[in-house]
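K.L.:
The structure under discussion is supplied below as structure tokens; questions concerning it will follow.
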Amino acid sequence: QKRVPKAWKEQLKIEGRIVTPMGSSIWLLIKNSTSKGFVFKEIEYPGFAFVPLIER
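In full-length UniProt numbering, the protein residues as written are 1 to 56.
What follows is the structure in structure tokens.
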């Protein structure tokens, strides 16, 4: 399974969100603070079909 690039996660501020397609799902990642740093809440929205855009 594909993953969100580490650099994207590092640049995200606390309470920031990443919404990205991965496989046949859309994933929402939310960066939250903890006493030891931060953690990501990951929510999957399955059932999507992504097709490339083509030029005619």
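For each residue, glycine too, the CB sits at the ideal point set by N, CA and C.
Only a predicted model underlies this, so the values are computations on that prediction, with no experimental measurement involved.
Spell out the partners DSSP gives residue 46 in its beta bridges.
P.N.:
Per DSSP, 25.
K.L.:
Measuring only the C-alpha atoms, how far is residue 54 from residue 13?
P.N.:
Each residue's Cα considered, the two are about 34 Å apart.
K.L.:
Beta-carbon within less than 6 Å of residue 17's beta-carbon, same chain only, minus the 5 sequence neighbours each way: which residues are those?
P.N.:
Within the same chain, residue 17 has close Cβ partners 30.
K.L.:
Roughly how many whole angstroms lie between the Cα atoms of residue 19 and residue 27?
P.N.:
For residue 19 and residue 27, the distance between alpha carbons rounds to 6 Å.
K.L.:
Leaving out five residues before and five after residue 9 in sequence, what residues of the same chain have Cβ atoms less than 8 Å from its Cβ?
P.N.:
Same-chain partners within the cutoff: 18, 29, 31 and 40.
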